[in-house]
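Under mature numbering (1 follows the signal peptide of the UniProt record, and there is no 0), the residues of the sequence shown are numbered -50 to -1, 1 to 861, in order.
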Amino acid sequence: MGAYARASGVCARRCPDAAGPWTFSRALRPQLLPLCLFLLLWLAAPGARAGGYEVSRASGRKRTGVRVKPQYSLEVWVGLSCGCLCCFLTCALTRPSQAEGSLVLGVVGTNSHCLFLPHPQMGFDGFFFGRLDYQDKWVRMQKLEMEQVWRGSASLKPPTADLFTGVLPNGYNPPRNLCWDVLCVDPPVVEDPQSPEYNVKELVDYFLNVATAQKRYYLTNHINANMWFKNLDKLIRCKCFRSQQAKGSSVHVLYSTPACYLWELNKANLTCLGGLACPMGHDPALNAPAAVGHSGPATFPGACSPEARQVCNQLEALVGPAANVGPYGSGDSAPLNEAMAVLQHHDAVSGTSRQHVADDYARQLAAGWGPCEVLLSNALARLRGFKEHFAFCRQLNISICPLSQTAARFLVTIYNPLGRKVNWMVRLPVSEGVFVVKDPNGRTVPSDMVIFPSSDRQARPPELLFSASLPALGFSTYSVAQVPSWKPQAHAPQPILRRSWSHPLTIENEYIQATFDPDTGLLMEIMNKNQQLRLPVRQTFFWYNASIGDNESVQASGAYIFRPNQQEPLPVSRWAQIRLVKTALVQEVHQKFSAWCSQVIRLYSGQQHVELEWSVGPIPVGDTWGKEVISRFDTPLETKGRFYTDSNGREILERRRDYRPTWKLNQTEPMAGNYYPVNTRIYITDGNMQLTVLTDRSQGGSSLRDGSLELMVHRRLLKDDGRGVSEPLMENGSGSWVRGRHLVLLDNAQAAAAGHRLLAEQEVLAPQVVLAAGGGAPYNLGAAPRTQFSGLRSELPPSVHLLTLASWGPEMLLLRLEHQFAVGEDSGRNLSAPVTLNLRDLFSTFTITRLQETTLVANQLREAASRLKWTTNTGPAPHQTPYQLDPANITLQPMEIRTFLASVQWKEVDG
């Protein structure tokens, strides 16, 4: 494409030459700099001249018109990223010559809609952050390890996953007494000697002391802090600095940029330490235990889940312009993508927002899903060959779907967003009666109906079950018809009283057996039949009594903070009322622990895991006790204090109870200090057997005793934790009740990765169900309806995940492919080996006419991208092979993601 924009006169990426490539648009095309950028430079320049400073194009270049000593410069960096304007005005203390002491002062103002991910594959050179365990920070300060090279993956060949990482000295705050934000109360700089508030000399002396103290903890002569411009200008131009320099002060103050600061560090040619671990802890000075957050909204719209966004993007890419404009109107994936981007904010993910903000998140999702429904309708009609009145059941996750509950016959189209075939159990709420289900070829398939007892607090309608076979990146359409003349043979859960059976109760299929305690009704054992593995597993629900402050600390448990007032949680109930369902397709045990806590443990036919569908809420707080509810699994596995959690669904990290790998931990919060984020899975193993629990949402989890796992599922608290939300976590209405799923796998430790990797992929990107009444008109005259479709000519290998397939402009698509196994994870099926693909004829609806590989964020061509090179204490990076791109020979290494922009030509869709 060869179109890159250089930011002339502005330090675009690296200071010495302002080198590109620096791109601002989706399609890697040059854009004119926005008007505000020029206004900003225009406004900045006079102030710089008035203050006696020059504007330098880059450190190390020849300067003209110097008003002060030539070793000082003013740099202004304005960057565009994430499709929106983000202005970074960073004060930095750097000298182009080798300085004895320098201080970098950072003032960063960012557009709140931008999300910067410090991923090396995105082309980033450095990452600076403020929050880490206070004990970790103290040790790093003493060892001069505040800046390191972070190696983010053990699978990717260095330096692919290496990223220079620095810890900011004051978190995200300026030094004490030097905060001049509108929210701060520190006195401004007063330069007038006649003023009774004159303080510039005092502040300069204090400033120099701060700079000197801060320098002691960093290896180079360049260090970092945050400040504001108006008062900084006064400090910088103060004659006090020059008088101090004349007396031998080595501190020189001037403006620079984060990029220039990073470049100066790189020029120092240090040997950087490899690896950086940043677990959270409890700082007694801040009274801040580890944060856990809320488990998420209870009735999060099922249609607005992550797989819905992927389905919308994929069908827009597969069908092309006909998906955007068609018989149902104008459809667009952008509104939902934008809403999902907003929801990547940590307050949305963790629930640490005010209630009206959470309501607005839901509003944006619902508004974004509307144009996607139109897009999906256009695309499905085009691919199916018939224009139906499609129905999208937005509340299917809480068993509500008006069409299936009222119609005597209807069509069910199930779209699979994965690049491999999937067998999926469809559950639809229906009216009572008998239904016949037929597959895409018109053959009757087995189906069952489960009726739930009306006495249940959250009454559920009868549910129709059938197994659907779904092609890779495609759909199958099944027909459902009620047969009123047949005698109903629905299966209702049969109540079983305690001690009413002499032997333990079991449910099983061809792969798994789950056994329940006859005295308590609780799960007591799981058996993997294939591998003849038996593991005693006791699972039930507990709750922590939330602290409202005590003698040790006034810190309360709240939206940000998890701080129980005692180490042992209390059981919701020591036994459960149970009901049993057994059909040809499913076996279920319905457990009721209390009026506000219940669970269904089920095994579908052909399923190699146990599914636990839990319902919690509204949590009672009439006793004035806030409650934080967990699901806990207890086993006899000897785990030696170790457990494992995923990192954003990719890398698996070992956790050790009451331990940190880089310093001797002083554990002050035995529960919160051992809680970690669980995005998709958590597991324990003794080296032989492995018990893995997959989640359907991000949750906090831990192993607080050997052989035990726990996940927090819901919280309801009476007091605000004082961390910024300013209201207690006390959601009412539908949000007070949560339903979710945990999937449990028991496997041999050496073979477990294949199970949890592929199951997690299927759980995160579950099929999308779309209903229609049937009887629609042909899309084109003479076109026959299509009941099955695949967007791939051949399915992808199981180790390859189609991460992104989306529109990227006229006749251009964005394609990301991910190897989802780490090195050495699965040797039995060879799933950890490199995989080679042919992209030329991979897709069935379009032809790739041109393929270009880019960085992960698709804003730079890979062949043109370059990053700063660092020397680590692990030795020099391996030699990089010359880059070549062959669309017929695309190789993915373990854990590698490769990103492409594909120019395409869509084919005519028959049918």
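All C-beta atoms in this analysis are idealised placements derived from N, C-alpha and C, irrespective of residue type, glycine included.
Quick caveat: nothing in here was measured; it's all calculated off a predicted structure.
Nearest-angstrom Cα distance between Gly623 and Val785?
In the sequence shown, the residue the question calls residue 623 occupies position 673. In the sequence shown, the residue the question calls residue 785 occupies position 835. Approximately 40 Å between the Cα atoms of the pair.
What separation, rounded to the nearest whole angstrom, lies between the Cα atoms of Gln345 and Cys351?
Locating residue 345 in the sequence shown gives position 395, where the first residue counts as 1. Locating residue 351 in the sequence shown gives position 401, where the first residue counts as 1. Taking the straight line joining both Cα atoms gives about 7 Å.
Residue interval of the alpha helix (DSSP H) (run including Phe157):
As a first step, residue 157 must be located in the sequence shown, where it is residue number 207. Unbroken alpha helix (DSSP H) run through Phe157: Val150 to Lys165.
Which residue or residues does DSSP assign as beta-bridge partners of Pro514?
Start at 1 with the first residue of the sequence shown, and residue 514 comes out as number 564. Looking at the DSSP assignment, Pro514 forms a beta bridge with Ala496.
Of the residues Leu781, Ala329, Arg812 and Arg766, which one's Cα is nearest the Cα of Ile847?
Sequence index remark: in the sequence shown, residue 847 carries index 897 (1-based). That would be Arg766, whose Cα lies nearest to the Cα of Ile847.
Per-residue DSSP class, three states only, for Gln260
Looking up residue 260 in the sequence shown gives position 310. Here Gln260 sits in helix by DSSP.
Residues bridged to Phe796 (per DSSP):
Taking the sequence shown and counting its residues from 1, the one referred to as residue 796 is at position 846. Per DSSP, Trp856.
According to DSSP, which residues form a beta bridge with Gln481?
Position 531 of the sequence shown, counted from the start, is the residue given in the question as residue 481. According to DSSP, which records beta bridges pairwise, Gln481 is partnered with nothing at all.
Secondary structure at Gln834, three-state DSSP: helix, strand or coil?
What you label residue 834 is simply residue 884 of the sequence shown in a count that begins at 1. For Gln834, the secondary structure class from DSSP, reduced to helix, strand or coil, is coil.
Do Ile602 and Tyr609 have their C-beta atoms closer together than 8 Å?
Counting from one through the sequence shown, the residue named residue 602 turns up at place 652. Counting from one through the sequence shown, the residue named residue 609 turns up at place 659. Contact flag unset, no.
Looking at Arg370 and Ala418, is the spacing between their C-beta atoms short of 8 Å?
Residue mapping note: residue 418 aligns to position 468 of the sequence shown, counting from 1. Residue mapping note: residue 370 aligns to position 420 of the sequence shown, counting from 1. Going by C-beta atoms, Ala418 is not nearer than 8 Å to Arg370.
Which one of Trp820, Ser429, Ile462 and Thr490 has the shortest CA to CA distance from Lys479?
To locate residue 479, count along the sequence shown from 1; it is residue 529. Here the closest residue by C-alpha is Ile462.
How many Å lie between Asp708 and Pro748 at the Cα?
Residue mapping note: residue 708 aligns to position 758 of the sequence shown, counting from 1. Residue mapping note: residue 748 aligns to position 798 of the sequence shown, counting from 1. Note on residue identity: the sequence assigns Leu, not Asp, to residue 708. C-alpha separation (whole angstroms): 7 Å.
How many Å lie between Val400 and Phe340 at the Cα?
Here residue 400 corresponds to residue number 450 of the sequence shown, with the count starting at 1. Here residue 340 corresponds to residue number 390 of the sequence shown, with the count starting at 1. Those two C-alpha atoms are separated by around 25 Å.
Within the same chain, show all residues whose beta-carbon is closer than 7 Å to that of Gln260, passing over the 5 residues directly before and after it, in chain order.
One-based indexing of the sequence shown puts residue 260 at position 310. Hits under 7 Å: Pro367 and Leu715.
Taking buried to mean at least 16 other C-beta atoms within 10 Å of its own C-beta, is Asp469 buried or exposed?
Taking the first residue of the sequence shown as 1, we reach residue 469 at position 519. That one is exposed.
By how many angstroms is the C-alpha of Thr207 removed from the C-alpha of Ser23?
Counting from one through the sequence shown, the residue named residue 23 turns up at place 73. Counting from one through the sequence shown, the residue named residue 207 turns up at place 257. Low local confidence applies: a pLDDT of 28 at Ser23 is under 50, so the model's placement there is unreliable, and no value is given.
Between the CA atoms of Ile457 and Arg529 - distance to the nearest angstrom:
Along the sequence shown, read from residue 1 onward, the residue named residue 529 stands at position 579. Along the sequence shown, read from residue 1 onward, the residue named residue 457 stands at position 507. C-alpha separation (whole angstroms): 12 Å.
Would you please state the rounded distance, in angstroms, between the beta carbons of Arg359 and Gln432? I believe it to be under 8 Å.
Counted from its first residue, the sequence shown places residue 359 at position 409. Counted from its first residue, the sequence shown places residue 432 at position 482. The Cβ separation is near 7 Å, so the contact holds.
In whole angstroms, give me the CA-to-CA distance for Tyr(-47) and Gly73.
Translated into positions along the sequence shown, residue -47 becomes position 4. Translated into positions along the sequence shown, residue 73 becomes position 123. Here Tyr(-47) scores only 31 on pLDDT, less than 50, and its place in the model is too uncertain to base an answer on.
Out of Leu128, Leu133, Trp100 and Pro109, which one is the CA nearest neighbour of Val117?
As a working mapping, residue 117 is identified with position 167 in the sequence shown. Cα-wise, what sits closest to Val117 is Trp100.
Whose C-alpha, out of Trp130, Arg126, Ala163 and Asp467, is nearest the C-alpha of Asp183?
Residue mapping note: residue 183 aligns to position 233 of the sequence shown, counting from 1. Asp183 has its Cα closest to that of Trp130, out of Trp130, Arg126, Ala163 and Asp467.
Three-way DSSP call (helix, strand, coil) for Trp319 in this model
Within the sequence shown, residue 319 is the residue found at index 369, counting from 1. Here Trp319 sits in helix by DSSP.
What are the residues that DSSP puts in a beta bridge with Val372?
By one-based count along the sequence shown, residue 372 stands at place 422. Answer is Leu420.
Using a 10 Å radius around the Cβ and a threshold of 16 neighbouring Cβ atoms, would you call His296 buried or exposed?
Against the sequence shown, residue 296 aligns to sequence position 346. Counting Cβ neighbours within 10 Å, His296 comes out exposed, since fewer than 16 surround it.
Along the chain, where does the beta strand (DSSP E) containing His751 start, and where does it finish?
Locating residue 751 in the sequence shown gives position 801, where the first residue counts as 1. Taken as a continuous stretch (DSSP letters only), the beta strand (DSSP E) holding His751 covers Val750 to Ser757.
Can the beta-carbon of residue 865 be found closer than 8 Å to that of Thr302?
Only positions -50 to 861 of the chain appear in the structure, and residue 865 is not among them; the question remains open.
Below 8 Å on the Cβ atoms is my contact criterion, and I expect His559 with Val694 to pass it. Report the Cβ-Cβ distance as a whole number of Å.
The residue you call residue 559 lines up with position 609 of the sequence shown. The residue you call residue 694 lines up with position 744 of the sequence shown. Indeed they touch by this definition, with Cβ atoms about 6 Å apart.
Pair every Cβ in the segment 320 to 332 with every Cβ in the segment 647 to 659, then say whether three or more of these pairs are closer than 8 Å.
no
Over what stretch of residues does the alpha helix (DSSP H) that includes Thr356 continue unbroken?
Start at 1 with the first residue of the sequence shown, and residue 356 comes out as number 406. First-last of the alpha helix (DSSP H) with Thr356: Pro352 to Thr356.
Which of helix, strand or coil DSSP assigns to Glu578
Position 628 of the sequence shown holds residue 578. DSSP places Glu578 within a strand segment (E or B) once states are collapsed to three.
Between the CA atoms of His664 and Gly599 - distance to the nearest angstrom:
One-based indexing of the sequence shown puts residue 599 at position 649. One-based indexing of the sequence shown puts residue 664 at position 714. Going by the C-alpha atoms only, they are around 21 Å apart.
Roughly how many angstroms separate the alpha carbons of Gln481 and Phe466, rounded to a whole number?
Residue mapping note: residue 481 aligns to position 531 of the sequence shown, counting from 1. Residue mapping note: residue 466 aligns to position 516 of the sequence shown, counting from 1. Using only the alpha carbons, I get a separation of about 21 Å.
Cα-Cα separation, Tyr554 to Glu563
If you number the sequence shown from 1, residue 554 lands on position 604. If you number the sequence shown from 1, residue 563 lands on position 613. C-alpha of Tyr554 to C-alpha of Glu563: approximately 13 Å in a straight line.
Closest to Gly741 by CA distance: which of Lys107, Arg524, Leu330 and Gly424 is it?
Position 791 of the sequence shown, counted from the first residue, corresponds to residue 741. Ranking Lys107, Arg524, Leu330 and Gly424 by Cα distance to Gly741 puts Gly424 first.
Would you list the one or two residues that DSSP bridges to Leu654?
Counted from its first residue, the sequence shown places residue 654 at position 704. Partner(s): none; Leu654 has no beta bridge.
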